[in-house]
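Have a look at the structure below, then the notes.
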Amino acid sequence: MQALTPPLTLITGASRGIGAATARLLAARGHDLALNYRREAAAAQALAEELRQLGRRVICVPADVGDEAEVQQMFERIDAELGCLTGLVNNAGIVAPAVRVDEMSVARIEAVFRVNVLGSFLCAKQAILRMSRRHGGPGGAIVNVSSRAAQLGSPGIYVDYSASKGAIDSFTIGLAREVIGEGIRVNGVRPGIIDTEIHASGGMADRIPEAVAGLPIQRLGRADEIAEAIAWLLSDAASYTVGAMLDIGGGR
Ligand code: NAP
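Everything in the sequence shown is counted per the numbering used here, starting at 30 for the first residue and increasing by one.
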């Protein structure tokens, strides 16, 4: 049975991949949605239109999650157009092309940490200001999208990315314990190798067959398989789950 006031969830990086799959699943489960993206306006708009057909209220909110002013404006738009936020999925993330640490530029490392780490902090801050009972909010739930790479390190490929996801793991545990007493549950997921465009964006599509051969499950994960875990962690079914990281890596 659907709640009287539907949950309202912001998904960052929702124009494609895991974010878009999560949007589809949450809409089907009765969430109203704010879909964040940075560049792919047409894809985000098409997804929003698709989800409105399900009867959900859906808006697109472009912002670079690593830019504080843009993040603040994004949340103010959600306040004005949709109302009281109850959920956040910190999903936006980037990788850079495979290099060793001794070949990494400062600009590259900063870019990866800005989006993956700072972006998650900035969005969580704005979400807490709205959801926390300490600030007069109704409570809510946050899911951070980390990676199995946080624990594997990705040597010779992208140690910066792995380290940024390691930071997300610590962030998840600390924030979870900081705000659970204010009615906000914070958890995370650590996906394995999922079939999305992120690999091509990092110039690594040609490495996928070799990577799959080394996976216990012998296939890539699908974005909807990650979305299921995110939706569960956001839901009341996970009411006693706090500061958990779910590994979803096909045994990896
Ligand atoms: P993807 O297909 O490359 O999609 C990334 C999304 O993030 C896009 O919607 C993109 O929007 C958005 N984005 C990128 N930079 C942004 C920024 N600065 N501000 C706002 N949005 C931004 O990636 P994915 O594979 O679905 O990955 C989603 C999350 O899962 C990431 O955090 C990733 O690290 C994590 N993950 C993925 C895998 C995997 O194998 N795919 C494994 C483990 C963890 P625009 O295109 O509009 O810029």
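For each residue, glycine too, the CB sits at the ideal point set by N, CA and C.
Note that this is a predicted model, so its numbers are computed, not measured.
**Item:** Under the three-state DSSP convention, the category Thr38 falls into
**Value:** In the structure shown, Thr38 sits in a strand (DSSP, three-state: E or B).
**Message:** Measuring straight from C-alpha to C-alpha, what distance separates Asp96 and Leu147?
**Reply:** So the alpha carbons of these two residues sit roughly 9 Å apart.
**Prompt:** Cβ atoms of Gly217 and Asn173: under 8 Å apart, would you say?
**Reply:** Yes. Within cutoff.
**Prompt:** Would the beta-carbon of Asp93 be found less than 7 Å away from any heavy atom of the ligand NAP?
**Reply:** Yes, the Cβ of Asp93 comes within 7 Å of a heavy atom of the ligand NAP.
**Message:** When you measure from the CB of Tyr66 to every non-hydrogen atom of the ligand ADP, does any distance come out below 7 Å?
**Reply:** With respect to the ligand ADP, the structure offers nothing, as its ligand set consists of the ligand NAP.
**Message:** DSSP three-state label for Gly203, please.
**Reply:** In the structure shown, Gly203 adopts helical secondary structure according to DSSP, grouped into three states.
**Item:** Option in Val87, Arg68, Arg143 and Glu226 with minimal Cα separation from Ile287
**Value:** As shown, the chain starts at 30 and ends at 281. That puts residue 287 outside it, with no answer to give.
**Message:** Among the candidates Ser149, Gly195, Gly272 and Glu239, whose CA atom is the shortest distance from the CA of Ile213?
**Reply:** Closest option to Ile213, Cα to Cα, is Gly272.
**Message:** Taking 8 Å as the cut-off, does the segment 33 to 50 touch the segment 245 to 258 (at least 3 CB pairs, one atom from each stretch)?
**Reply:** Remark: three or more beta-carbon pairs, one from each stretch, lie closer than 8 Å, so the segment 245 to 258 and the segment 33 to 50 are flagged as touching.
**Message:** Between Ala279 and Gly232, how many whole angstroms is the CB-CB distance? I'm expecting something under 8 Å.
**Reply:** Per the sequence presented here, residue 279 reads as Gly, with Ala not at that position. A Cβ-Cβ separation of about 23 Å leaves Gly279 out of contact with Gly232 under the 8 Å criterion.
**Asked** Given Leu244, which residues of its chain have a CB within under 6 Å of its CB, disregarding the five upstream and five downstream residues?
**Response** Closer than 6 Å at Cβ, skipping near neighbours: Gly279 and Arg281.
**Request:** Take every Cβ of the segment 97 to 109, pair it with every Cβ of the segment 72 to 84, and state whether three or more of those distances are shorter than 8 Å.
**Result:** At 8 Å Cβ cutoff, the stretches do not touch.
**Asked** Going by the beta-carbon positions, is the gap between Leu80 and Ala63 smaller than 8 Å?
**Response** Between Leu80 and Ala63, the C-beta spacing is not below 8 Å.
**Message:** Please tell me whether Arg177 and Cys113 are closer than 8 Å, where the distance is taken between their beta carbons.
**Reply:** No Cβ-Cβ contact shorter than 8 Å links Arg177 with Cys113.
**Request:** Pick helix, strand or coil for Tyr66, following the three-state DSSP scheme.
**Result:** Correct three-state label for Tyr66: strand.
**Asked** How about Glu69: is its Cβ closer than 7 Å to a heavy atom in the ligand NAP?
**Response** Indeed, a heavy atom of the ligand NAP lies less than 7 Å from the Cβ.
**Message:** Tell me the DSSP secondary structure of Gly185 in three-state form.
**Reply:** Coil.
**Message:** I need the DSSP call for Met133, collapsed to helix, strand or coil.
**Reply:** Here Met133 sits in coil by DSSP.
**Request:** Along the beta strand (DSSP E) that carries Met274, what are the first and last residues, could you check?
**Result:** Counting along the chain, the beta strand (DSSP E) containing Met274 begins and ends at Met274 to Ile277.
**Item:** Proximity to Glu211 [Cα-Cα], best of Ala229, Ile237 and Gly166
**Value:** Measuring from the Cα of Glu211, the nearest candidate turns out to be Gly166.
**Prompt:** In the structure shown, what three-state DSSP assignment does Val100 receive?
**Reply:** Note: Val100 maps to helix in three-state DSSP.
**Prompt:** For Arg33, does the count of other Cβ atoms within 10 angstroms reach 16, so buried, or fall short, so exposed?
**Reply:** Reading off the sequence shown, one finds Leu at residue 33, where the question assumed Arg. Leu33 comes out exposed.
**Prompt:** Relative to the C-alpha of Ala109, which residue among Val90, Tyr190 and Ile157 is closest?
**Reply:** Of the residues Val90, Tyr190 and Ile157, the one whose Cα lies closest to the Cα of Ala109 is Val90.
**Beta-carbon proximity of Ala170 to Leu55, cut-off 8 Å** = Going by C-beta atoms, Ala170 is not nearer than 8 Å to Leu55.
**Item:** Where His60 falls, given that 16 or more other Cβ within 10 Å makes a residue buried
**Value:** Of the other Cβ atoms in all chains shown, 16 or more fall within 10 Å of the Cβ of His60; this residue is therefore buried.
**Request:** May I have the straight-line CA-CA distance separating Gln31 from Arg86, to the nearest angstrom?
**Result:** Below a pLDDT of 50, predicted positions are generally treated as unreliable, and Gln31, at 49, falls in that range; no measurement from the model is reported.
**Asked** Is Ala258 near the ligand NAP, in the sense that its beta carbon is under 7 Å from a heavy atom of that ligand?
**Response** Ala258: no, Cβ never under 7 Å from the ligand NAP.
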